[in-house]
Amino acid sequence: MFNVEHFVKIFSQSGICCKQNYSLKDKNTYKTGGEARLAIFPDSAEKVKMAVDVILSEGVDYSVLGAGSNLLISDDGYEGILISTECLKGISVSGNLITCYAGERVCDFLKQALYNSLGGVEFLNGIPASIGGVVAMNAGCFGKNVGDYVSYVVASSGIYSFADCEFGYRTSRFKAQKDVVISVCFNLENVEYDQSESKSEYFLKLRKNKQPKGRSCGSVFKNDGYYAGKVIEGCNLKGFRLGSARVSERHANFILADQNAKSADISRLIRHIKQTVKEKSGIVLQEEIEYLGKFKDEDYT
Ligand SMILES: Cc1cc2nc3c(=O)[nH]c(=O)nc-3n(C[C@H](O)[C@H](O)[C@H](O)COP(=O)(O)OP(=O)(O)OC[C@H]3O[C@@H](n4cnc5c(N)ncnc54)[C@H](O)[C@@H]3O)c2cc1C
Numbered sequence: 000m001f002n003v004e005h006f007v008k009i010f011s012q013s014g015i016c017c018k019q020n021y022s023l024k025d026k027n028t029y030k031t032g033g034e035a036r037l038a039i040f041p042d043s044a045e046k047v048k049m050a051v052d053v054i055l056s057e058g059v060d061y062s063v064l065g066a067g068s069n070l071l072i073s074d075d076g077y078e079g080i081l082i083s084t085e086c087l088k089g090i091s092v093s094g095n096l097i098t099c100y101a102g103e104r105v106c107d108f109l110k111q112a113l114y115n116s117l118g119g120v121e122f123l124n125g126i127p128a129s130i131g132g133v134v135a136m137n138a139g140c141f142g143k144n145v146g147d148y149v150s151y152v153v154a155s156s157g158i159y160s161f162a163d164c165e166f167g168y169r170t171s172r173f174k175a176q177k178d179v180v181i182s183v184c185f186n187l188e189n190v191e192y193d194q195s196e197s198k199s200e201y202f203l204k205l206r207k208n209k210q211p212k213g214r215s216c217g218s219v220f221k222n223d224g225y226y227a228g229k230v231i232e233g234c235n236l237k238g239f240r241l242g243s244a245r246v247s248e249r250h251a252n253f254i255l256a257d258q259n260a261k262s263a264d265i266s267r268l269i270r271h272i273k274q275t276v277k278e279k280s281g282i283v284l285q286e287e288i289e290y291l292g293k294f295k296d297e298d299y300t
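Under numbering that gives the first Met the number 0, read the sequence shown as residues 0 to 300, first letter to last.
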């Protein structure tokens with residue numbers, strides 16, 4: 000257990016906003032989970048770097064929070080220091096390059112791109128994420144990945160050109176090394192405004208047709224040489240419910256949470272799906288969703 004007051008003092012002296020016992024329920028798309036013992040909100044690159052330096056030198060556990068659209072947060076909360084990117088704001092455009100701070104939402108980035116007749120990234124329309132989150136996760140869909148449009152990334156440990164970002168399937172060096180993405184410079188294509196707008200609407204429609212409404216984190220499992228949704232459906236798990244969580248009837252790779260759901264129910268359901276799929280098909284599903292905080296053995300996969 001780290002000394003919260005000690006860190007609040009250091010961060011506050013550097014002008015970093017700190018919140019103790021910070022409720023995370025409204026900070027993730029499942030709307031579940033407990034509190035972070037200490038959450039910090041740096042609003043500049045310098046403050047992020049300073050915070051990470053202090054945390055690393057003192058050996059305290061930390062994690063990064065974007066829009067919480069790929070996170071299952073423990074009902075018991077998170078005991079480490081949570082670095083929220085929500086105050087890292089700003090978008091600027093120069094020619095084909097758009098530089099976007101990590102805390103900007105994907106929808107605002109897309110609006111700016113469209114306004115400047117820049118495109119290629121329309122497939123992201125409808126993902127309720129932060130720019131830092133989509134780049135750290137190398138988010139993608141419809142056969143495209145956001146990493147392919149990155150020119151360079153400013154992170155807490157340095158500046159990385161595309162080749163050094165180590166983008167892979169739903170991963171990057173930033174996710175793998177808990178390196179905080181501060182801002183991202185995207186290299187986009189020149190497009191006609193109207194064409195880009197209809198492409199964006201087309202992708203949104205595709206998403207709405209395929210994906211269920213409700214509280215989710217998108218796909219729970221990776222598609223690893225198979226479509227996890229099809230595999231789960233093949234095991235007759237569509238609509239299967241455990242407590243306040245259920246497998247979507249529309250898309251079996253989505254778990255939907257009820258109002259006032261518990262993360263423990265979602266993690267139990269994830270474990271049940273994994274066990275059933277393994278028994279029935281021999282496939283070992285891998286989570287795309289990430290866990291924050293501790294889950295009891297019987298809840299955790
Ligand atoms: C309705 C819905 C649809 C979705 N559709 C898709 C889809 O089509 N394709 C897809 O790939 N995903 C999809 N997702 C999942 C999710 O949006 C992505 O994984 C997204 O990249 C997560 O971004 P976030 O800002 O919410 O990150 P968070 O959920 O907050 O964090 C996810 C991970 O990224 C890390 N992280 C976040 N910000 C940073 C940062 N600045 N620096 C370093 N690490 C960081 C976190 O520590 C964590 O490890 C969907 C989710 C929902 C709810």
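Where is the CB? At the ideal position from N, CA and C, for every residue including glycine.
Quick caveat: nothing in here was measured; it's all calculated off a predicted structure.
Neighbour-count burial assignment, residue i, 16 or more Cβ in a 10 Å radius
i	result
residue 41	buried
residue 107	exposed
residue 141	exposed
residue 272	buried
residue 14	exposed
residue 179	buried
residue 2	exposed
residue 230	buried
residue 256	buried
residue 162	exposed
residue 58	exposed
residue 19	exposed
residue 69	buried
residue 267	buried
Those residues which DSSP pairs with residue i across a bridge
i	result
residue 154	157 and 180
residue 118	188
residue 254	246
residue 143	140
residue 286	220
residue 70	289
residue 203	Looking at the DSSP assignment, residue 203 forms no beta bridge with any residue, so it has no partner.
Ligand 1 heavy atom lying under 7 Å from the CB of residue i
i	result
residue 49	no
residue 72	no
residue 179	yes
residue 150	no
residue 208	no
residue 268	no
residue 0	no
residue 289	yes
residue 160	no
residue 127	yes
residue 24	no
residue 28	yes
residue 169	yes
residue 173	yes
residue 153	no
residue 84	yes
residue 63	yes
residue 216	yes
Start-to-end residues for the beta strand (DSSP E) that takes in residue i
i	result
residue 99	96-100
residue 289	289-291
residue 18	16-22
residue 57	Careful: residue 57 lies outside any beta strand (DSSP E), inside the alpha helix (DSSP H) at 44-57.
residue 91	90-93
residue 62	61-64
The alpha helix (DSSP H) enclosing residue i, as first and last residue numbers
i	result
residue 36	Note, residue 36: premise wrong, no alpha helix (DSSP H); beta strand (DSSP E) at 34-40.
residue 232	227-233
residue 126	Where residue 126 is concerned, there is no enclosing alpha helix (DSSP H), given that its DSSP letter is neither H nor E.
residue 375	No answer is possible for residue 375: it lies beyond the span of the chain, which begins at 0 and ends at 300.
residue 83	Segment 77-83 is the beta strand (DSSP E) holding residue 83; no alpha helix (DSSP H) there.
Sequence-distant residues of the same chain with beta carbon closer than 8 Å to residue i, five excluded per side
i	result
residue 279	233 and 234
residue 289	69, 70 and 71
Other residues of its chain near residue i: CB distance less than 6 Å, five sequence neighbours each side excluded
i	result
residue 83	38, 40 and 64
residue 117	187
Neighbour flag for residue i against chain B, beta carbons, 8 Å
i	result
residue 99	Of the chains in the structure shown, none is chain B; there is only one protein chain.
Cut-off 7 Å between Cβ atoms - residues of its own chain near residue i, not counting five sequence neighbours on either side
i	result
residue 24	30, 31 and 32
residue 145	120, 123, 133, 134, 137, 138 and 139
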